[in-house]
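Asker: Pasting in a structure now, in structure tokens, and then I'll have a few things to ask.
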Ligand SMILES: C[S@@+](CC[C@H](N)C(=O)[O-])C[C@H]1O[C@@H](n2cnc3c(N)ncnc32)[C@H](O)[C@@H]1O
């Protein structure tokens, strides 16, 4: 499957949904970032932009990256309509091929899963290297499938946060593992249905 297929697939996923007027941030982001001093943040696979907009409202300067032009264009328009254009930069990247320039106090990647080629270990290693000293990398992956997920493959295996950390393979002299666990939460789907889901949460801090 090619990059063109991935762009078409994710463009279709986003276009099939009505544009969100006020997308909400992910719970793991707000619980992790609340109380941190704002700085420069990078949101990988920003989707409809709930995380980017929330970060901007907390005073962060956000770069929001996604493979989908639909997602990026919608988020840029939303940021403008919420008076946050000066705090949210949107960039289109296929992270399989390119990565934004470094210099962040926070990089977050929520549910960056795709049925197409994406070397996540390489992407997340780039994300760790893109941090300034003291900055944090927050990776939140699915640990289970919600009933409304595009991926209903019963054979899907969800790597543990420890396995994801091992795959990134960061030098302990420079990066410290602050969190690696699998909490549950009640999620709400696009049609208002709720279900319990598991998150795989990884928080890494760059110390040098
Ligand atoms: C499951 S959605 C998660 C969106 C958002 N982070 C959230 O938590 O709601 C995955 C996102 O990653 C984006 N994506 C998928 N493959 C990508 C790639 N190779 N490069 C950049 N973004 C990608 C998709 O367009 C989509 O917005």
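In UniProt numbering, the protein residues as written are 1 to 208.
Don't be surprised by glycine CBs; every beta carbon is placed ideally from N, CA and C.
1) Less than 9 Å separating the beta-carbons of residue 88 and residue 76?
2) Measuring alpha carbon to alpha carbon, tell me which residue in 134, 40, 162 is nearest residue 140.
3) What three-state label does DSSP hand residue 66 in the structure shown?
4) Just to confirm the assignment, what range does the alpha helix (DSSP H) spanning residue 2 have?
5) Can you give me the C-alpha to C-alpha distance between residue 34 and residue 115, rounded to a whole angstrom?
6) Quick check for students: name the residue ranges of the beta strand (DSSP E) that lie wholly in the region 59 to 134, counting only runs of 3 or more.
7) Taking buried to mean at least 16 other C-beta atoms within 10 Å of its own C-beta, is residue 100 buried or exposed?
8) Mark residue 191 as exposed unless 16 or more other C-beta atoms lie within 10 angstroms of its C-beta, in which case mark it buried.
9) Residue 11 to residue 71, Cα distance in whole Å?
10) Three-state secondary structure (DSSP) at residue 155?
Answerer: On the basis of the data shown:
1) By 1-based counting over the chain shown, the position of residue 88 is 88. By 1-based counting over the chain shown, the position of residue 76 is 76. Yes, the pair counts as a contact, with Cβ atoms nearer than the cut-off.
2) Taking the first residue of the chain shown as position 1, residue 140 is located at position 140. Nearest in C-alpha terms to residue 140, of all of 134, 40, 162, is 162.
3) Counting from 1 along the chain shown, the entry for residue 66 is found at position 66. Residue 66: strand per DSSP, three-state reduction.
4) As a first step, residue 2 is located in the chain shown; it is residue number 2 there, counting from the start. Taken as a continuous stretch (DSSP letters only), residue 2 belongs to no alpha helix (DSSP H), as it is neither H nor E.
5) The residue given as residue 34 occupies position 34 in the chain shown. The residue given as residue 115 occupies position 115 in the chain shown. For residue 34 and residue 115, the distance between alpha carbons rounds to 32 Å.
6) 61 to 66, 88 to 92, 104 to 110
7) What you label residue 100 is simply residue 100 of the chain shown in a count that begins at 1. The residue in question, residue 100, is buried, as its Cβ has 16 or more Cβ neighbours within 10 Å.
8) Along the chain shown, read from residue 1 onward, the residue named residue 191 stands at position 191. Label assigned to residue 191: exposed.
9) The residue given as residue 11 occupies position 11 in the chain shown. The residue given as residue 71 occupies position 71 in the chain shown. Straight-line Cα distance between these residues: approximately 8 Å.
10) Taking the chain shown and counting its residues from 1, one reaches residue 155 at position 155. Note: residue 155 maps to coil in three-state DSSP.
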